[in-house]
Structures are given as structure tokens and as C-alpha cells.
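Numbering follows my numbering, with no gaps: position 168 of the sequence shown is 558. Cβ atoms here follow ideal geometry from the backbone N, Cα and C, with glycine treated the same way. Predicted, not measured: the structure shown is a model, and the values here were computed from it.
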Amino acid sequence: MASIFSLFLVLSLSFSACIAAPAPTPAKAVGPSKSLLAACKQTPLPDLCVKYLSVFPESQATDIHGLTGLSVRAAAKYLKEAADKVFEDQNDKSANSNLEQCLDDCSETIEDAIEQLDDTTTAVDVRAFDDIKAWVSAAIADASTCEESCKGSNGKQKLKSLAEITDTFKKLCKVTLALAKLDAKQ
Numbered sequence: 391m392a393s394i395f396s397l398f399l400v401l402s403l404s405f406s407a408c409i410a411a412p413a414p415t416p417a418k419a420v421g422p423s424k425s426l427l428a429a430c431k432q433t434p435l436p437d438l439c440v441k442y443l444s445v446f447p448e449s450q451a452t453d454i455h456g457l458t459g460l461s462v463r464a465a466a467k468y469l470k471e472a473a474d475k476v477f478e479d480q481n482d483k484s485a486n487s488n489l490e491q492c493l494d495d496c497s498e499t500i501e502d503a504i505e506q507l508d509d510t511t512t513a514v515d516v517r518a519f520d521d522i523k524a525w526v527s528a529a530i531a532d533a534s535t536c537e538e539s540c541k542g543s544n545g546k547q548k549l550k551s552l553a554e555i556t557d558t559f560k561k562l563c564k565v566t567l568a569l570a571k572l573d574a575k576q
């Protein structure tokens, strides 16, 4: 009986200590590192570069090669998440066959672009810079194909969203190519 009482006492004291302990303070937000800022400054779109790469904690302490890989991840992540939002309500085609065909074609070309970026990741890992350029260029072409396949379709808001997505994606790809070019010089 004494051992049960001792166990209860220890647990009660432990619980009381947890309640009395001050709550941990949240970590201070850390801005982009100097090396990230310096690398992004050498791209055609420094603000976009910082915005999309700084979401990865590892961007704070990596070299240009690591940033090149992160930029590929950032472009793929952006394209997938943005396209998912546009295509999630694909049932809302309002019986518009042009829009339906556009969205079907775009969905396929977006998937192709993401696959191109998967291949780009492998090329970055082995520093195959010509392959990086080829795969990123193919991903850009896929995004452009998406946009082109929708010209003349009805569905103004959805088409505007697609145009914004492909524009930002192409810009992220330009950042990737610029970082890869810097990486190749090292």
C-alpha cells in the first residue's frame, strides 16, 4: 500500500511541476540568411527567390548547390499546390466542353511538368547542368502548353488563375536556371 501511495505522490508532484513550469517561448522568426540573400540577388527575380526558398529551413545554411536543389523543390511544390486548388473543383465545369477539355489537358501537362522537375532533381544531385537546363526548359514548355490549350475557353476566373500559376511557375524556373548556372561556375 505504501508503494502505491509513493507512486501516486511522485506522479502528483511531477504533474504539479509540469503545470507550474513556464510555457516555452516561441522561436523568434529568423529572416533569410546572408548567403541566401546573396545567392538570390544574383537571380533575375531576387524577391521571388527569397520568398519561395526561405520557407525551407535548410535554405539558411546551405551552399549554392543546395539552393539549386531547393529551388527545384520550391517550383514543384508551388505548381502542385496551386494546380490542386484550381483542379479540385474541376466538377464545376458548367457543362462547358471547351473548359472541360482545357482543364483535362492542363492537368496532364502540369503532371508532366512536375515529372520534369523530378528528373531535374536527379540532374542537380549529380551536377548534370545541361540536363538541368533541358528538364527545366521542358517543364516551362509544359506550363506554356497548359496556358495555350485554354485560349478561347470560357471560364474567365479559372483561366486567370491558370495564367497566374503558370507565370509564377515560369519565374521560379528562371530562378532555378540562374542558380544552376551559378552552381556550374563553382
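Nearest to residue i (by Cα), restricted to the options the options
i	options	result
Ile555	Ala466, Leu489, Phe519	Ala466
Val476	Leu562, Lys575, Leu572, Leu549	Leu549
Phe559	Lys431, Ala451, Ile530, Glu537	Ile530
Ile522	Asn486, Leu567, Ala553	Leu567
Ala524	Asn488, Lys564, Lys541	Lys564
Pro447	Ser461, Pro434, Lys541	Ser461
Lys470	Ala503, Gly459, Ile454	Ala503
Thr452	Asp474, Val516, Leu427	Leu427
Tyr468	Thr535, Ser534, Tyr442	Tyr442
Contacting residues, own chain, Cβ-Cβ under 6 Å from residue i (five flanking each side not counted)
i	result
Pro414	Confidence at Pro414 is low in this model, with a pLDDT of 37, below 50, so its placement is unreliable and the value that follows should be read with caution. Correct list: empty, nothing qualifies.
Ser430	Position check: residue 430 holds Cys in this sequence, whereas Ser was assumed. Same-chain partners within the cutoff: Pro436, Cys439, Val440.
Ala472	Ile555
Val526	Thr510, Cys563, Thr566, Leu567
Lys459	Note that residue 459 is Gly in the sequence shown here, rather than Lys. The answer, listed in chain order, is Val514.
Alpha carbon of residue i to alpha carbon of residue j, nearest angstrom
i	j	result
Asp532	Ile500	7 Å
Leu569	Gln506	17 Å
Gly421	Ser444	8 Å
Asn488	Asp520	38 Å
Val440	Lys424	11 Å
Gln576	Gln450	19 Å
Ala464	Leu562	8 Å
Leu572	Asp508	21 Å
His455	Ala518	12 Å
Ala574	Lys541	38 Å
Own chain partners of residue i with C-beta closer than 8 Å, once the 5 adjacent residues on each side are dropped
i	result
Ser539	Gln491, Cys492, Asp495, Cys496, Thr499
Asn486	Ser543, Asn544, Gly545
Simplified DSSP state of residue i, which is helix, strand or coil
i	result
Asp520	helix
Ala407	In this predicted model, Ala407 has a pLDDT of only 39, less than 50, meaning its place in the structure is not dependable; the value taken from the coordinates is given anyway. Note: Ala407 maps to helix in three-state DSSP.
Pro436	helix
Ser543	coil
Gln506	helix
Asp557	helix
Pro422	coil
Glu478	coil
Asn486	coil
Ser534	helix
7 Å Cβ shell around residue i - same chain, five flanking residues per side excluded
i	result
Ser551	Val476
Ala553	Glu537
Gln432	Ala568, Leu572
Val578	This structure cannot speak to residue 578, because the chain is shown only from 391 to 576.
Thr535	Thr499
Ala528	Gln506
Short CB-CB distance (under 8 Å) between residue i and chain D
i	result
Thr556	Among the protein chains of the structure shown there is no chain D, as only one such chain exists.
(Q) With three or more beta-carbon pairs closer than 8 Å as the criterion, would you say the segment 542-555 touches the segment 512-522? (A) Contact between the segment 542-555 and the segment 512-522 is not established, with fewer than three Cβ pairs separated by less than 8 Å.
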